[in-house]
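Read through the structure below, which is laid out as structure tokens, and then see the notes.
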Amino acid sequence: MKVLVVDDETDVQVLFEQRFRREIRGGEINFAFAHSGEKALAYLNEHASECVLILSDINMPGMSGLELLRLIKTTYPVPPPVVMMITAYGDADSYDQAMQLGADAFLTKPLDFTNLKEKLKTVL
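Using the numbering used here, you'd call the opening residue of the sequence shown number 95 and step up by one each time.
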């Protein structure tokens, strides 16, 4: 399964590679990383058929994760990738917006990687 992680914090890449090292070594999951909504769209334009799941931060400079979610759901409708939104702010407004735009899950930071791995298994 190919997972695109979108977050403006560059240290997220190391964190995911550490937490999923067994799954990466076993070939169960491959990660790609984009550090902005714009870079995520550029990646998807070239690799749309590869991405099964997108994990996106909501609060990023430039294009927000919510705007990225809207564009993903309207640009790649068949089959739509699973999109899980991640935020440090678990406020009701962000949750409501994400769900209205078609998010498949809403996760808060700091991420519970055990919970995330369970969610990813359901996508597999």
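Every residue gets a Cβ at the ideal spot worked out from N, C-alpha and C, and that includes glycine.
Buried is the label assigned to V176, since at least 16 other Cβ atoms lie within 10 Å of its Cβ.
When the five nearest sequence neighbours on each side are left out, the beta carbons in the same chain lying within less than 7 Å of the beta carbon of L160 are those of I152, Q191, A192 and L195, in order along the chain. Taking one beta carbon from each stretch, the region 178 to 189 and the region 126 to 139 have fewer than 3 pairs nearer than 8 Å; the two do not touch.
Here the C-alpha atom of S188 lies approximately 30 Å from the C-alpha atom of E117.
Residue pairing of N124 in beta bridges, as defined by DSSP: K96. One thing to note: M95 has its Cβ within 8 Å of the Cβ of V217.
Look at D190 here: in three-state DSSP terms it is helix.
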